[in-house]
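In what follows, a structure is listed as structure tokens, so that the remarks can point back to it.
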Amino acid sequence: MKIGVLALQGDFREHKQMLQSLGVEAPEVRKQEQLEGLSGLIVPGGESTTIGKLAREYGLEQAVRERVEQGSLAVWGTCAGAIWLAKEIIGYPEQPRAGLLDIAIRRNAFGRQVDSFEEPLEIQGFATPFPAVFIRAPVIERVGPGVEVLAREGNRVVLVRSGKLMASSFHPELTGDSRLHRLFVEMARG
């Protein structure tokens, strides 16, 4: 099984290392032809506007959209990647994005870089809390029909899933806990 990591900008290396630790081949994706043969794609944290602009410029936005609509590609967006997946970015209607996941998301909802924190999260299906790292994190303010909420930080939605799509406000790749990456591998396999 191969799960690609969008490597246009952001912390793609950490996702790649986490996938490799699970025995999954994890090529870096920068061009649309590199999507061939992938079961899944992780869109990492970073700068959401930059990721969106580059994905559009390199034809990846449309290529990912087509593969998701065909059911051949699972996609997980973390932090900026979650913003890229969202149908609506509150306050930024013109920002380039794939718009595949029926959520409305607010950028930097947890504050600035200096407001970063780690918190144990209760995640649906996990026996013990997950060490979630929040860095300039977005918050999911609306979920559409068919979107399942898997975790909240207080009353704020921070992890959702819909079919073969998943979005997290936080950075699971910055922890030693591979459970969310394992969950995504299973989603991509299924």
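Mapping the sequence shown onto the working numbering, position 144 (from 1) lands on 144, and the numbers just tick up by one. We put the beta carbon where it would ideally sit given N, CA and C, even for glycine. Please read all numbers here as calculations on a predicted model, not as lab measurements.
Between the CA atoms of residue j and residue i - distance to the nearest angstrom
| i | j | result |
| --- | --- | --- |
| G91 | E141 | 12 angstroms |
| E88 | L180 | 24 angstroms |
| K53 | R97 | 8 angstroms |
| P205 | W76 | With the chain covering only 1 through 190, there is no way to say anything about residue 205. |
| T78 | L19 | 14 angstroms |
| M187 | V147 | 15 angstroms |
| F197 | S178 | Beyond the ends of the chain as shown, which are 1 and 190, falls residue 197; an answer cannot be given. |
| L174 | P120 | 13 angstroms |
| Q34 | V149 | 31 angstroms |
Of the residues the options, the one placed nearest residue i, counting alpha carbons only
| i | options | result |
| --- | --- | --- |
| G23 | I3, E57, I42 and K31 | I3 |
| G176 | E28, E14 and G10 | E14 |
| P131 | A137, A82 and E122 | E122 |
| I51 | Q70, A82, F126 and I135 | A82 |
| K16 | A26, L73, V143 and G163 | A26 |
Residue i in three-state terms, based on DSSP
| i | result |
| --- | --- |
| G176 | coil |
| L8 | coil |
| R161 | strand |
| A55 | helix |
| E141 | strand |
Residues sharing a beta bridge with residue i, DSSP
| i | result |
| --- | --- |
| I42 | V5 and W76 |
| L121 | F130 |
| A86 | L101 |
| A26 | Per DSSP, none; premise fails for A26. |
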